[in-house]
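Residue numbers (our numbering): 6 to 151.
Here it is, written out as structure tokens:
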């Protein structure tokens, strides 16, 4: 069995992606003989409210749970993240939690990071750490974003 452990659905804001829907991803998986994919939402990374992206992901993969394993993305700096995590895990049965410290503006060792890691550990779920989505070396030298 071949499993892609780093798939995503949705649009990336800085360039066009070819496979943004569950159906398109499944077609690619069929062509490349991938049996299952662990999938998160790009929208959950870039929306102000990450949980809306989780909801879209849940709706997209619901008919394909035999092949697409959903991962919730949580932003511990957004109000109500605890409720979002609970819904993603208990109601939608997401199988892991993705954290994106660089984009959501926290560190794993700060109060936000420790709180979310502790809560995820309470569910006994794996944490998917997304280091970065773009290479800083490709930015213009005037772009001082950290």
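Where a beta carbon is used, it is the ideal one built from N, C-alpha and C, also for glycine.
Just so we're clear, the structure is a prediction, and the values are computed from it rather than from any experiment.
{"Asked": "Residues of its chain near residue 106, where Cβ-Cβ distance is below 7 Å and the 5 sequence neighbours each way are ignored", "Found": "112, 113, 118"}
{"Asked": "One or two residues paired with residue 9 in a DSSP bridge", "Found": "42"}
{"Asked": "Sufficient close CB pairs (3 or more, under 8 Å) joining the segment 42 to 54 to the segment 74 to 83", "Found": "yes"}
{"Asked": "Beta-carbon proximity list for residue 22, same chain, < 7 Å, skipping 5 on both sides", "Found": "16"}
{"Asked": "Per DSSP, cross-strand counterpart(s) of residue 26", "Found": "In the DSSP output, where bridge partners are listed per residue, residue 26 has none listed."}
{"Asked": "Residues bridged to residue 74 [DSSP beta-bridge criterion]", "Found": "43"}
{"Asked": "CA nearest to the CA of residue 134, picked from 14, 80, 38", "Found": "80"}
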